[in-house]
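A.B. asks:
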Amino acid sequence: SSKGNRPELWEKFLDVLDDKLQLGLLDHMKRVISYHFESDILYIQPSSDSDYQYLKEGAHFQQMEILAKAALEVDRVKLTHPDEAKE
Numbered sequence: 793s794s795k796g797n798r799p800e801l802w803e804k805f806l807d808v809l810d811d812k813l814q815l816g817l818l819d820h821m822k823r824v825i826s827y828h829f830e831s832d833i834l835y836i837q838p839s840s841d842s843d844y845q846y847l848k849e850g851a852h853f854q855q856m857e858i859l860a861k862a863a864l865e866v867d868r869v870k871l872t873h874p875d876e877a878k879e
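For what it's worth, the numbering used here labels the leading residue of the sequence shown as 793, then goes sequentially.
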C-alpha cells in the first residue's frame, strides 16, 4: 500500500532521516497521507493539521528541504494541507 509514486525514493528519504537522527521529522514523515515526486519537486501531505503546522515551521521545513535536496536530488519541497483534496 504505497502512499505515493516512487516508493523507493521515499524509503531512501526515510533512511536518510533515520541515519541523521532526525527522529522528529522521521516520525512526521512516516505518518504522511501521501507524497508525490513531480519533476524536481517533492509534494508532501501530512496526516494532520498539527503535523502540517510542525513541518511548516521555518526550522523544521528548512531541515526537511535540505535533507530532501541532498538525498533525493529535488529542488523544492511543497506541503499540502491534510484537508486539501488530492487532485
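Note that the Cβ used here is the ideal one computed from N, Cα and C, for glycine as well.
By Cβ distance, which residues of its chain are closer than 6 Å to residue 834, with the 5 residues on each side in sequence left out?
C.D. replies: Within the sequence shown, the letter at position 42 stands for residue 834. Same-chain partners within the cutoff: 860, 866, 869.
A.B. asks: Count the other CB atoms within 10 Å of the CB of residue 820; is the residue buried (16 or more) or exposed (fewer)?
C.D. replies: Taking the sequence shown and counting its residues from 1, one reaches residue 820 at position 28. Buried, since its Cβ has 16 or more Cβ neighbours within 10 Å.
A.B. asks: Please name the residue or residues paired with residue 826 in a DSSP beta bridge.
C.D. replies: Here the question's residue 826 lines up with position 34 in the sequence shown. Answer is 837, bridged to residue 826.
A.B. asks: Hey, quick one: how far does the alpha helix (DSSP H) through residue 859 stretch, first residue to last?
C.D. replies: Position 67 of the sequence shown, counting from 1, holds the residue named residue 859. Here the alpha helix (DSSP H) through residue 859 covers 850–864.
A.B. asks: Here's the rule: buried if 16 or more other CB atoms are within 10 angstroms of the residue's CB, otherwise exposed. What is residue 836?
C.D. replies: Position 44 of the sequence shown, counted from the start, is the residue given in the question as residue 836. With 16 or more Cβ atoms within 10 Å of its Cβ, residue 836 is classed as buried.
A.B. asks: Going by DSSP, name the residue or residues bridged to residue 808.
C.D. replies: Here residue 808 refers to the residue found at position 16 when the sequence shown is read from its first residue. For residue 808, which the question treats as bridged, DSSP gives no partner whatsoever.
A.B. asks: Taking the alpha carbon of residue 823 as the reference point, which residue from 829, 838, 812 has its own alpha carbon closest?
C.D. replies: Mapped onto the sequence shown, residue 823 falls at position 31. Among 829, 838, 812, the Cα nearest to that of residue 823 is on 838.
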